[in-house]
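Protein chains: 2
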Amino acid sequence: MDLALYLTARTARIDRALDGFLPRASVKPVTIHKAMRYSLFAGGKRLRPVLTLAAAEACGGGLPQATPAACAVECIHTYSLIHDDLPCMDDDDLRRGRPTSHKVFGEGVAVLAGDGLLTIAFEILAQAAPTSRYSTAALIRELASASGSRWLIGGQVADLEGEGKKLTGPQLQYIHCCKTAALLTASIRLGAMSANATPARLAALTDFGQALGLAFQVIDDILDVTQTTEKLGKTAGKDVAATKATYPAIHGLDRSRKEAHRLTAAAHASLKPFGKNAATLRALADYLLARDY
Amino acid sequence: MDLALYLTARTARIDRALDGFLPRASVKPVTIHKAMRYSLFAGGKRLRPVLTLAAAEACGGGLPQATPAACAVECIHTYSLIHDDLPCMDDDDLRRGRPTSHKVFGEGVAVLAGDGLLTIAFEILAQAAPTSRYSTAALIRELASASGSRWLIGGQVADLEGEGKKLTGPQLQYIHCCKTAALLTASIRLGAMSANATPARLAALTDFGQALGLAFQVIDDILDVTQTTEKLGKTAGKDVAATKATYPAIHGLDRSRKEAHRLTAAAHASLKPFGKNAATLRALADYLLARDY
Numbered sequence: 000m001d002l003a004l005y006l007t008a009r010t011a012r013i014d015r016a017l018d019g020f021l022p023r024a025s026v027k028p029v030t031i032h033k034a035m036r037y038s039l040f041a042g043g044k045r046l047r048p049v050l051t052l053a054a055a056e057a058c059g060g061g062l063p064q065a066t067p068a069a070c071a072v073e074c075i076h077t078y079s080l081i082h083d084d085l086p087c088m089d090d091d092d093l094r095r096g097r098p099t100s101h102k103v104f105g106e107g108v109a110v111l112a113g114d115g116l117l118t119i120a121f122e123i124l125a126q127a128a129p130t131s132r133y134s135t136a137a138l139i140r141e142l143a144s145a146s147g148s149r150w151l152i153g154g155q156v157a158d159l160e161g162e163g164k165k166l167t168g169p170q171l172q173y174i175h176c177c178k179t180a181a182l183l184t185a186s187i188r189l190g191a192m193s194a195n196a197t198p199a200r201l202a203a204l205t206d207f208g209q210a211l212g213l214a215f216q217v218i219d220d221i222l223d224v225t226q227t228t229e230k231l232g233k234t235a236g237k238d239v240a241a242t243k244a245t246y247p248a249i250h251g252l253d254r255s256r257k258e259a260h261r262l263t264a265a266a267h268a269s270l271k272p273f274g275k276n277a278a279t280l281r282a283l284a285d286y287l288l289a290r291d292y
Numbered sequence: 000m001d002l003a004l005y006l007t008a009r010t011a012r013i014d015r016a017l018d019g020f021l022p023r024a025s026v027k028p029v030t031i032h033k034a035m036r037y038s039l040f041a042g043g044k045r046l047r048p049v050l051t052l053a054a055a056e057a058c059g060g061g062l063p064q065a066t067p068a069a070c071a072v073e074c075i076h077t078y079s080l081i082h083d084d085l086p087c088m089d090d091d092d093l094r095r096g097r098p099t100s101h102k103v104f105g106e107g108v109a110v111l112a113g114d115g116l117l118t119i120a121f122e123i124l125a126q127a128a129p130t131s132r133y134s135t136a137a138l139i140r141e142l143a144s145a146s147g148s149r150w151l152i153g154g155q156v157a158d159l160e161g162e163g164k165k166l167t168g169p170q171l172q173y174i175h176c177c178k179t180a181a182l183l184t185a186s187i188r189l190g191a192m193s194a195n196a197t198p199a200r201l202a203a204l205t206d207f208g209q210a211l212g213l214a215f216q217v218i219d220d221i222l223d224v225t226q227t228t229e230k231l232g233k234t235a236g237k238d239v240a241a242t243k244a245t246y247p248a249i250h251g252l253d254r255s256r257k258e259a260h261r262l263t264a265a266a267h268a269s270l271k272p273f274g275k276n277a278a279t280l281r282a283l284a285d286y287l288l289a290r291d292y
């Protein structure tokens, strides 16, 4: 398969759907809708919603059924970036090569734009059709749990509290599980649920998501150390400057790279039951690993 | 009926249910759950969830069915207070007589505690049972819309943008509709929906909520001007100090008081179809108006 073509087509579908779900920038009050759209349409890779759609396809589901879940996870991801970038959090000026929300709209509106995207994620997901195995309420619970205080938000709290401290390997693993793997896994699970996946397939895709999510975060940590600001589109070396714990800082670059490969192999192994139906998910896992780290 | 006894019983039920829905303060990461509980159990009046339960009862519904919706609206209300109090918004140090979240936990954790309460609101509401007329997804859409960028969040944006400006009556009305009336109305509607209310009854309670919500905000504006900091439990005269537009500032105290009475009469009129089933809702409306303004 041609992954580049696939990604272009899926990204375009997600962008169109998000554009339809979000209030126009002309809707009152204009500022909040401009700010929500500024961050949502900032050239993100749409990795999570692409995984949602690919997981649905691997389970024999249709794209229209999976689209609300795909858009909801992207809104959650974008809100978390806006809030993480705030001066009272990671204090970042650049994101995806552009000034962060609070730099453009001010801190107050940035907080509210994040709140707005978080809220609309559930409004969008509530439009997903139920299947015989999974109610729309079950999808809502899945997303709320993964993005709630035990996982996504909890990871950011642990991250904040870990700044300037020497974290152990398990502590860093906990932060990565919460901050990255939980939402990535939920993105995949929501796609599978929208396709009415059997419990066995849902469990296999959960394993896939957790391995992939950790791999993704380890690679991000490596890239932060090895790449330039220009190439990343965000301030490089930021984690080191903030004396944030990273995989390379704790385990060294070499072991980090090996760990990324090991996790990707585990992700591949979990896809075995799907046979050729998981060709796209496999290609996506390879694509993540093939980033230049 | 003895409203004081009723309020005590309902508030205790809501507090117990919230305590059960929220992760223990010992759940990792401890800080976020402490912060969420600090604001949620800060002695709030539980006005919105009490209205949810009373609306359900007026429609012949049971309290257990309405309890998830009641708890969800209280989580949304509390999150909005935490974020509104942030230094980048209204910059308030006191709330319900205690230091605000960011004063106790720092700004970063306060933003995240608000995010956590916003997220868990939907996790809780997703546990509400569907009725023949209203799916759980319909309840989710109701709450997400009322607390989203067009209403609750939109009102805060308009409020921020109006600071230091001379607002017109209609502009202030818009802010009050968004910031207060929308969530109050949704609280009432969610109670009615949990009781499988007929469309006609839902429409009547929508009118009730809008009138009551505006009356409530007008009275809050009046109290801010006329009461002392000690009695309010928050910084009094704050709106005037920030040259925020208020009903009394635009219309004068006398006209504001008349408007509060007029809105309460409208609220009462909308309850006519319910006969004596709405005795509690009537008593609650009177209770709001009877505040010493």
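Those protein sequences? They're chains F and Z, same order as listed. All residue numbers for the first sequence refer to numbering that gives the first Met the number 0, where the first residue is 0 and numbers rise by one. All residue numbers for the second sequence refer to numbering that gives the first Met the number 0, where the first residue is 0 and numbers rise by one. In this text, a Cβ means the ideal position worked out from N, Cα and C, and glycines have one as well.
- Just so you know, the alpha carbons of F:Leu-80 and Z:Arg-188 end up roughly 33 Å apart.
- Residues of chain Z with a Cβ closer than 9 Å to the Cβ of F:Val-26 are, in chain order, Ser-148, Arg-149, Gly-153.
- Here the segment 37 to 55 of chain F makes no contact with the segment 162 to 173 of chain Z; the two share fewer than three CB pairs at distances below 8 Å.
- Against F:Phe-20, chain Z offers no close residue; the least beta-carbon distance is about 11 Å (beta-carbon pairs closer than 9 Å).
- Across the structure, F:Ser-146 and Z:Asp-253 are spaced so that their CA atoms are roughly 48 Å apart.
- Between the segment 115 to 134 of chain Z and the segment 190 to 205 of chain Z, the count of Cβ pairs shorter than 8 Å is three or higher; the stretches touch.
- No Cβ-Cβ contact shorter than 8 Å links F:Met-0 with F:Thr-184.
- In the three-state reduction of the DSSP assignment, Z:Pro-272 falls in the helix class, which pools H, G and I.
- For F:Gly-113, the closest C-alpha among the options F:Asp-92, F:Asp-83, F:Gly-96 is that of F:Asp-83.
- At a cut-off of 8 Å, the C-beta of F:Arg-188 has no neighbouring C-beta in chain Z.
- Closer than 8 Å to the CB of Z:Ala-65 there is not a single CB belonging to chain F.
- Going by beta carbons, F:Ala-199 and F:Ile-123 fall outside the 8 Å limit.
- Within the same chain, and ignoring the five residues on either side of Z:Pro-98 in sequence, the residues whose Cβ sits closer than 7 Å to its Cβ are Asp-92.
- Sequence-distant Cβ neighbours of Z:Ala-282 in its own chain, meaning closer than 8 Å and more than five residues away, are Met-0, Leu-2, Tyr-5.
- In chain order, Phe-207, Ala-210, Leu-211, Ala-284 place their CB closer than 6 Å to the CB of Z:Ala-266, counting only its own chain and leaving out the 5 sequence neighbours on each side.
- For Z:Cys-87, the chain F residues whose C-beta falls within less than 7 Å of its own C-beta are Glu-106, Gly-107, Val-110, listed in chain order.
- With respect to the C-alpha of F:Pro-86, the residue from Z:Val-110, Z:Arg-95, Z:Ala-268 having the closest C-alpha is Z:Val-110.
- Around the beta carbon of Z:Ala-264, fewer than 16 other beta carbons lie within 10 angstroms, which makes this residue exposed.
- Burial check for F:Phe-40: the Cβ neighbour count within 10 Å stays below 16, so the residue is exposed.
- Excluding five sequence positions before and after F:Ser-144, the CB atoms of its chain that fall closer than 8 Å to its own CB belong to Trp-150, Ala-185, given in chain order.
- Identification of residues in the segment 72 to 86 of chain Z having a C-beta nearer than 7 Å to some C-beta of chain F yields His-82, Leu-85, given in sequence order.
- Against chain Z, the beta carbon of F:Ala-157 has neighbours under 7 Å at Pro-28, listed in chain order.
- Here F:Arg-45 carries a coil assignment [DSSP, helix/strand/coil].
- One alpha carbon belongs to Z:Ile-31, the other to Z:Lys-275, and they sit about 44 Å apart.
- Taking a Cβ-Cβ cut-off of 7 Å, Z:Ala-41 has no neighbours in chain F, whose nearest Cβ is about 17 Å from it.
- If you check the CB distance, F:Leu-116 and F:Thr-77 come in under 8 Å.
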